[in-house]
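Undergrad:
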Amino acid sequence: MNSIYEQVTNAIINQLEQGIVPWCKPWVCNGQILSYATGKQYSLLNRMLLTEPGEYASFLEVQKAGGRIRKGAKASRIYFCKPLVKEFEIEKDGVITKEEKITFIFKAYCVFHISSCTDLKPRWQKEPKKESENKIDENAERIVQNYIGRENINITHKAEDIAFFSPSRNMVQLPPINMFKSSNSYYETLFHELGHSTGTPNRLNRFTDAPEPFGSASYSKEELVAEMVASFALAQLGLDTKTTHNSNAAYIKNWLEHIRGNAQLVINAASKAEKAANFIMGVKTE
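Under this note's numbering, the letters of the sequence shown match residues -14 to 271, in that order.
Structure, rendered in structure tokens:
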């Protein structure tokens, strides 16, 4: 299992070293990454590993569809990753509390981009929505309103240079949409903060009782989850966003330092982020 963690981590590090933030680009900026066989999007983790948007198929799926793989075409390795949650009890000072430990079952397999195949054409690909001039997106708003209504979360807009989620007040604050460079950038920020909101004890319970100090390992892990939630949500909605993170050297350097020091960080964060995004969207998973 350690080799799988290392393979995934090294792939992410390689992209970051090239100036690419894999949870923001390309699977948000340039379109969806789908299974040719089913039309379904790959898991969040695999979308980070597949660097070119479009449809992918395994060798057998290409053969079954009557296609052939071009000579010299390179396969991409992806992973079936199933989290297993084990509960156990801890007794401290006469008080018994329940804790969870997450482990993963992995299966690696190879896929080819459809452009690497002859006699095959994309079956499912749709063009991403282009950025609009700070207009409300009805699909995004429907998801947001359903979620905050279900969870009694307040959204406050203030003309201030700050965006945050307050667990104690169950509130998200961010600037109004007309202060953003685009409406899609607004929704990226909003879903980032809503991602944080899923971590409270009454929801997905990622937070500890004490607030995490800025720059700490726990703070960074939660920030990575929220980053991925925002990108996952926008990808699901087909919203295109050219985030400034991709050209921000300090941002990339920060994540390189954290990921190099923790081989399990990306896989754990991706699992939690996909769970959080589905929670926001009201998608029930097994």
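Idealized CB from N, CA, C, for every residue including glycine.
In this text, all values refer to a predicted model and were calculated from it rather than measured experimentally.
Going by C-alpha to C-alpha distance, which of P68, K86, A255 sits closest to E74?
TA: Of P68, K86, A255, the residue nearest in Cα terms is K86.
Undergrad: By how many angstroms is the C-alpha of E242 removed from the C-alpha of Q(-8)?
TA: Computed Cα separation, rounded: 17 Å.
Undergrad: If you draw a straight line from the alpha carbon of N303 to that of A255, how long is it in whole angstroms?
TA: Absent from the structure is residue 303, since the part of the chain shown begins at -14 and ends at 271.
Undergrad: Using C-beta distances below 6 Å, list every residue in its chain close to E259, excluding the 5 sequence neighbours before and after it, in chain order.
TA: Counting only Cβ-Cβ distances below 6 Å, and skipping sequence neighbours, we find L29.
Undergrad: Keeping to the same chain, check which residues put their C-beta closer than 6 Å to that of L35; ignore five residues upstream and five downstream.
TA: I18, S61, listed in sequence order.
Undergrad: Looking at C-alpha atoms only, which residue of N247, R188, K238 is the closest neighbour of E2?
TA: Selected option, being the one with the closest Cα: K238.
Undergrad: Shortest alpha-carbon distance to L209 belongs to which of L224, K269, V70, V6?
TA: Out of L224, K269, V70, V6, V6 has the C-alpha closest to the C-alpha of L209.
Undergrad: Would you report the Cα separation of I265 and R188, rounded to the nearest angstrom?
TA: Using only the alpha carbons, I get a separation of about 10 Å.
Undergrad: Use the C-beta contact count for L69: other C-beta atoms within 10 angstroms, 16 or more gives buried, fewer gives exposed.
TA: L69 comes out exposed.
Undergrad: Can you tell me the Cα-Cα spacing of K49 and Y21, whole angstroms?
TA: Answer to the nearest angstrom: the Cα atoms are 11 Å apart.
Undergrad: State the start and end residues of the unbroken beta strand (DSSP E) segment that holds E126.
TA: Element bounds for E126: not the beta strand (DSSP E) but the alpha helix (DSSP H), 123 to 136.
Undergrad: Are three or more beta carbon pairs between the region 125 to 144 and the region 176 to 190 nearer than 8 Å?
TA: The answer is yes - the region 176 to 190 touches the region 125 to 144, with three or more Cβ pairs under 8 Å.
Undergrad: Just mark G246 as buried or exposed, buried being the case when its beta carbon has 16 or more other beta carbons within 10 Å.
TA: Answer is exposed; the Cβ neighbour count stays below 16.
Undergrad: Between the beta-carbon of I(-11) and the beta-carbon of I244, is there less than 8 Å?
TA: No. Outside cutoff.
Undergrad: F91 and N119 look like a contact to me (Cβ under 8 Å); what is the Cβ gap, rounded to whole Å?
TA: That pair is no contact at about 42 Å.
Undergrad: So who's on the other strand from H98, going by DSSP bridges?
TA: Bridge partners of H98: Y41.
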